[in-house]
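To start, the structure itself, in structure tokens.
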Amino acid sequence: MPSFFLLYTGHRMMRIVFRNFITLLSIGAFDTEDSAEAMSQFKWSQMLQLADNYDVTDFISLGISKMYNRNSSLIPPNILKLAKGHISDSQTIYFKNDEHYNFTQKSIKKFSNFFLNRKLNKIIFNEIHSIDTSVTSLVFLLKLIDTMNGFLTVDRNFRNVIDLGTYLRNSGDKIDFIKIDLWLKSLRMKGIANLIGSYLVVLFNFTPDELPFIDNVDEGVYAKVYNSVEKPVKQDDISSDDDKPIRIRGIISPVHKPNTNASKYFAYCPLEVTSKILKNISKSLSNVEE
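Per the numbering used here, residue 3 is the first one in the sequence shown, and the count goes up by one each step.
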């Protein structure tokens, strides 16, 4: 009975931590009008660790600062102090800009699959030499591919999704979505594009109208993301004294290790996933031989 109670309590605790994590991530990244929920000191500390593990501490910190300005009673003073320490004076967050994407080089390798890389380079060449060249559309396409690669590499890929959403909000009126749709079909990316778009809609309050490149929204994304990060809290992980350093172990898996389960995305981009798995196997065999 006590073990079941601790497990149930751990699940409940993680749910509110995750809800606030997504809420503050949305506020920090896209200035949404959502409101956070009151939490204990321990739960706030858990959420900050979650932000650190997924490399979004800057967004979460900005969200905490904005939430404090809306309702100061929700944010503990020491949490606000920690958050402000992560916010730069200009409150700007670095992303790759258009200049990062160089279309003058001979070949761009974004895929593990040789034929998809060849198609991508043909798309770029034809677009650069088109009478109605849209560099903004090409940049958006490459950001989509970068986001896909982020999913296949580190799985829960909030930062790339936010980068894509930010670019869409800032430059969406300059993107030729008719071209984007044709390119995604040619590169066998419609499935993964729908998943990425579902992240923006379900987690970050985008509207489907803002995402003309997707066909449908997977409403189950929220549950999938939550289930992938949630783990019950162990009794010896909890310090009852808020003044002592809190040790958190086994709650959240580190995000920086390579994702060895790219096969879970097979239904979204089967050709690229298959190529990536075969490439990883070949690389592993080469390392063994060495």
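The C-beta atom is built at its ideal place from N, Cα and C for all residues, glycine as well.
- Around the beta-carbon of L140, 16 or more other beta-carbon atoms lie within 10 Å, marking it buried.
- Under the three-state reduction of DSSP output, M41 falls in the coil class, being neither helix nor strand.
- When secondary structure is reduced to three states using DSSP, A31 falls in the helix class.
- Going by DSSP, V163 is part of the alpha helix (DSSP H) stretching over 160-173.
- Annotated as proximal: D217 and K192, with beta-carbon spacing under 8 Å.
- By alpha-carbon distance to L146, the top candidate from G222, L170, S114, I130 is L170.
- Check the Cα spacing between R120 and each of K108, S67, I180: the tightest is with K108.
- Here the region 22-35 lies against the region 65-75, with 3 or more beta-carbon pairs under 8 Å apart.
- CA-CA distance, V58 to N159, rounds to 10 Å.
- The DSSP-derived three-state label of M191 is coil.
- Per DSSP, the unbroken alpha helix (DSSP H) holding P79 starts and ends at 79-86.
- F117: member of the alpha helix (DSSP H) spanning 116-130, first to last residue.
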